[in-house]
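Line by line, the protein sequences are chains A and B. So in the working numbering, the last one in the first sequence is 124, and the numbering has no gaps at all. So in the working numbering, the last one in the second sequence is 112, and the numbering has no gaps at all.
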Amino acid sequence: AQTVTQSQPEMSVQEAETVTLSCTYDTSESDYYLFWYKQPPSRQMILVIRQEAYKQQNATENRFSVNFQKAAKSFSLKISDSQLGDAAMYFCAYRSAPGANSKLTFGKGITLSVRP
Amino acid sequence: DAGVIQSPRHEVTEMGQEVTLRCKPISGHNSLFWYRQTMMRGLELLIYFNNNVPIDDSGMPEDRFSAKMPNASFSTLKIQPSEPRDSAVYFCASSSVPGISYEQYFGPGTRLTVT
């Protein structure tokens, strides 16, 4: 079975600075998807960014980018120019490739605080 | 699109009572997922459906939990009888098969408190 590990329970960043959230996973599959979800105090789960394992290029969405290291099974999220609205819980998630089991496996999450 | 709709948003009930949580997936999506979130266990998948058929219910904690999807636009998660340890936030999510990366879109969640 696949597992997702987020070893840092909490992190803090100064507004306008850059922060990196770590995630590692374990799988025997070669094709899969990885996601970062954001959960603000409203509880709504919001998709931040996704990465297809077959793509070597790291995904980027505005201020959010990932560092995907397939051999190391590492998938970190970098938030640039941090804003107060980035304060939330962030979850890393794994999903098997299309046609296989389509459930998401989540890490425990990391709470990010942004200091003004 | 209205997104995934869940009701109620909050539910407070007494131990032993039946609780029914409801979900309306995004129109056109044919996969539906029920998750439970607690401080201790994080986000856990309880069950998911493809085309209204339950595919994996291995996450359902025990026989007190049951889920149905009578049609493509409606699903229920029922707990009978409820216990205080069932207190959690329950999320419903849907996705399109096939779809771009099979992304799952989450509803706002139902916060259940069992006293």
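C-beta: ideal position from N, C-alpha, C; glycine also.
Around the C-beta of A:E37, fewer than 16 other C-beta atoms lie within 10 Å, and the residue is accordingly described as exposed.
Under the criterion of beta carbons closer than 8 Å, A:F43 and A:L55 qualify as touching, at roughly 6 Å.
Under DSSP, A:T32 shares a beta bridge with A:T13 and A:S82.
Shown here for A:K78: same chain residues with a beta carbon closer than 7 Å to its own, the five before and five after excluded, namely A61 in chain order.
For B:G56, the three-state secondary structure derived from DSSP is coil. Inter-segment contact for the stretch 32 to 52 of chain B and the stretch 4 to 18 of chain B is absent: fewer than three beta-carbon pairs are separated by less than 8 Å. In this structure, the beta-carbon distance from A:G117 to B:L40 falls below 9 Å. Neighbourhood of A:M53 in chain B, by CB distance below 7 Å: F88 and F103, in chain order. Take A:P49, set aside five residues on each side of it, and the residues of its chain with a beta-carbon closer than 8 Å to its own are A96, in chain order.
Counted as a single uninterrupted DSSP element, the beta strand (DSSP E) harbouring B:A64 occupies residues F62 to N68. Non-local beta-carbon contacts of B:R108 in its own chain, meaning distances under 6 Å to residues more than five positions away in sequence, involve H7 and V86 in chain order. If you look at B:T73, you'll find it in the beta strand (DSSP E) that goes F71 to I76. Here A:G93 carries a helix assignment [DSSP, helix/strand/coil]. Across the structure, A:E69 and A:K63 are spaced so that their CA atoms are roughly 15 Å apart.
According to the DSSP assignment, A:I57 belongs to the beta strand (DSSP E) that extends over I54 to E60.
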